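Okay, structure first, notes after.
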Amino acid sequence: MNEKLMILKMLESGQITADEAAKLLNSVGEGGGAPVPAPAVFPPTPPAPTQPTPPRPHGNNGPPPKPGTAPSAPAFDLNDLGRKFENFAKDMAPKVQKFTETVADKIMVAADKVSNTFIPTETSGGHTPPPPMQSQQHQRPATPPRPATTAAPGGMTEQNVEMLVEIGGYNELNLSGLSGAVRVKGYNGDKISAKISYKAKKPGATIEMMRLGNKYFLKYEPDDFQSVTIDAYVPERAFGVVKVDNLNGSIDCQSLAAGDMRFTNANGSVSLSAISAKTIEIEGSNGAMIITGVTAENATIENLNGNLDTHELDIANLKLTNYNGPLSMVMSGFNRHTDYLWNVETGNAKLNMILPTMPDLGYHIKAHATMSEIKLGLTGLQYLINEPSLVEARSVHYDTATKRVKLAVETSNSPLVIN
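Numbering follows the numbering used here, with no gaps: position 107 of the sequence shown is 107.
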């Protein structure tokens, strides 16, 4: 029998491996005349311990091939595959990191709104769970009974809710609107009283005011609703944290005091007045922003594509930014703090500030206007730098003033005016 044919038949019957067949064929092809042993001399040889096992049809842990069938030859080069995977991993690393950051942001937003899956509203028997054990004097339900709803014009549904708030503890308030107005006003009381107007996308969508521990929030799934409007009265000093956000609608909040406050709105206006907190963050886009009578130790206010008007901001440390919209500031006095550090900036829009001049008030101003000019009309200033687009000036009595304001101001492509 032809030696090559014999080798191929031995390979087909599973008596030798593909590697052994290749070696024998090479030796025959080179004319070495190496004798081909009889089939009985070459039982199936197991792979060496240090060599990787060729892939089996049933996977690495699957059963061995049936007797009489040849194992499958490798379909790829492992070294080449390793190189391809290494290059693929290098290309994907920045994409995975960006995706992870995006997912983390979405998870944080979802956590703030408290997902429906966290809080069962009914037991398996269909009854509302009992409130937690409290003293008889302060026993209040964890969640109020669901109020009756009424139909409103335009396919809207109105729902009136009331919820008692544990005054004196550390409480959080979280309200989120959707394609409608969010109005929140503080008052001297101990309960949340709100009218929720909404339009659902599908039957059975639920929305209700909830309490989880010390956190009070409006619970609903945004994907189930076309619009959600909130008109609420809340205890003005009952919360350590207040968060209000909206999408495609306005925010109007007034007469609230808390340790930390955060207001976020996209595609709508923001109006805040008589707000007091230790730390305040305000973010808006594609809408006007009006901030009046806000007091705080630290505040960050940012707006994009809309006018930003501020009045009487008594804030020790302030970062105020507006892009693609004019910024106007009016101040009649600095009263609550001794030292103020303000950074004010606009992009592609005019910046206009009206500041008070008082005997006990000293300024140190650094102003920069890219591709424009600076008009500084305050009196009693000593100029350290006085150029058309760069000015640094200090009040003559700055070191002895009882109130001191350090002000860094910058704008681009538009005038900067301080009077």
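Quick reminder that beta carbons are idealized off the backbone N, C-alpha and C, glycines included.
Since this is a predicted model, take the numbers as computed values, not measurements.
Query raised in the report: What residue does the alpha helix (DSSP H) around E281 start on, and which one ends it?
Result: Here residue 281 is taken as the residue at index 281 of the sequence shown, counted from 1. Counting along the chain, E281 sits inside no alpha helix (DSSP H); it lies in the beta strand (DSSP E) bounded by residues V270 to S285.
Query - Element boundaries [beta strand (DSSP E), containing M10] - result: Position 10 of the sequence shown, counted from the start, is the residue given in the question as residue 10. Counting along the chain, M10 falls outside any beta strand (DSSP E), though it belongs to the alpha helix (DSSP H) covering E3 to E12.
Report task. Could you tell me which residues DSSP puts in a beta bridge with F225? Result -> As a first step, residue 225 must be located in the sequence shown, where it is residue number 225. For F225, the pairing in a beta bridge is given by DSSP as A200.
Query raised in the report: So who's on the other strand from N174, going by DSSP bridges?
Result: Within the sequence shown, residue 174 is the residue found at index 174, counting from 1. Partner residues in the beta bridge of N174, as assigned by DSSP, are F217 and K243.
Report task. Would you mind sorting P235 into buried or exposed? The rule is 16 or more other CB atoms within 10 Å of its CB. Result -> Here residue 235 refers to the residue found at position 235 of the sequence shown. By the 10 Å Cβ count, P235 comes out buried.
Report task. Would you check if the stretch 362-379 and the stretch 331-342 touch, i.e. whether three or more CB-CB distances between them fall below 8 Å? Result -> Between the stretch 331-342 and the stretch 362-379, the count of Cβ pairs shorter than 8 Å is below three; the stretches do not touch.
Query raised in the report: Using the C-alpha atoms, what's the distance from T206 back to E221?
Result: Translated into the one-based positions of the sequence shown, residue 221 becomes position 221. Translated into the one-based positions of the sequence shown, residue 206 becomes position 206. If you take the alpha carbons of E221 and T206, they lie about 8 Å apart.
Requested in this report: Classify K172 as buried or exposed, calling it buried when 16 or more other Cβ atoms lie within 10 Å of its own Cβ.
Outcome: In the sequence shown, counting from the first residue as 1, residue 172 sits at position 172. The question names Lys, yet the displayed sequence has Glu at residue 172. By the neighbour-count rule (16 or more Cβ atoms within 10 Å), E172 is buried.
**Report entry** Buried or exposed (CB count within 10 angstroms, at least 16 for buried), Y216
**Finding:** Numbered from its first residue, the sequence shown carries residue 216 at position 216. Label assigned to Y216: buried.
Query - Stretch pair the stretch 392-409 + the stretch 356-365: three plus CB contacts closer than 8 Å - result: Verdict: yes, contact present.
Query raised in the report: So what does DSSP say about L313, is it helix, strand or coil?
Result: By one-based count along the sequence shown, residue 313 stands at place 313. Looking at L313 - three-state DSSP - the assignment turns out to be coil, as it is neither helix nor strand.
**Report entry** Run of the beta strand (DSSP E) containing A296, from where it starts to where it stops
**Finding:** Against the sequence shown, residue 296 aligns to sequence position 296. Start and end: M289 to L304.
Requested in this report: Determine the DSSP secondary structure at G155, reduced to helix, strand or coil.
Outcome: Position 155 of the sequence shown, counting from 1, holds the residue named residue 155. G155 carries a helical assignment under DSSP once its states are collapsed to helix, strand and coil.
Query raised in the report: N322: which of G333, E12, W342 and G284 sits nearest, CA to CA?
Result: The sequence position of residue 322 within the sequence shown is 322, counting from 1. Comparing Cα positions, the closest option is G284.
Requested in this report: Can you have a look at K243 and say buried or exposed, based on whether 16 or more other CB atoms are within 10 angstroms of its CB?
Outcome: Stepping through the sequence shown from its first residue, residue 243 is reached at position 243. So K243 ends up on the buried side.
Requested in this report: Classify K23 as helix, strand or coil using the three-state DSSP reduction.
Outcome: The residue labelled residue 23 in the question sits at position 23 within the sequence shown. If DSSP states are grouped into helix, strand and coil, K23 belongs with the helices.
Query raised in the report: Where I253 and S271 are concerned, what is the direct C-alpha to C-alpha distance, given to the nearest angstrom?
Result: As a working mapping, residue 253 is identified with position 253 in the sequence shown. As a working mapping, residue 271 is identified with position 271 in the sequence shown. Note on identity: in this sequence residue 253 is Cys, with Ile being the wrong assignment. So the two alpha carbons sit approximately 6 Å from each other.
Query - Candidates L304, A296 and S328, of which the one nearest H311 by Cα - result: Position 311 of the sequence shown, counting from 1, holds the residue named residue 311. Answer by Cα proximity: S328.
Report task. Drop a sphere of 10 angstroms on the beta-carbon of M209, count the other beta-carbons inside from all chains shown, and report buried for 16 or more, exposed for fewer. Result -> Counted from its first residue, the sequence shown places residue 209 at position 209. A residue is called buried once 16 or more other Cβ atoms fall within 10 Å of its Cβ, and M209 is buried on that count.
Query raised in the report: How long is the line joining the alpha carbons of T264 and T279, rounded to whole angstroms?
Result: What you label residue 264 is simply residue 264 of the sequence shown in a count that begins at 1. What you label residue 279 is simply residue 279 of the sequence shown in a count that begins at 1. Using only the alpha carbons, I get a separation of about 14 Å.
Query raised in the report: Are A257 and S276 touching if we call contact CB-CB under 8 Å?
Result: Residue 257 sits at position 257 when you count from the first residue of the sequence shown. Residue 276 sits at position 276 when you count from the first residue of the sequence shown. Yes; because the gap between Cβ atoms is below 8 Å, this pair is in contact.
**Report entry** Close-in-space but distant-in-sequence residues of the same chain around K9 (CB under 6 Å, 5 per side omitted)
**Finding:** In the sequence shown, the residue the question calls residue 9 occupies position 9. Once the five neighbours on either side are set aside, K9 has no close Cβ partner at all.
Query raised in the report: Among R237, K202 and G240, which has the Cα closest to the Cα of Q226?
Result: As a first step, residue 226 is located in the sequence shown; it is residue number 226 there, counting from the start. Taking the Cα of Q226 as reference, the smallest distance to any Cα among R237, K202 and G240 is reached at K202.
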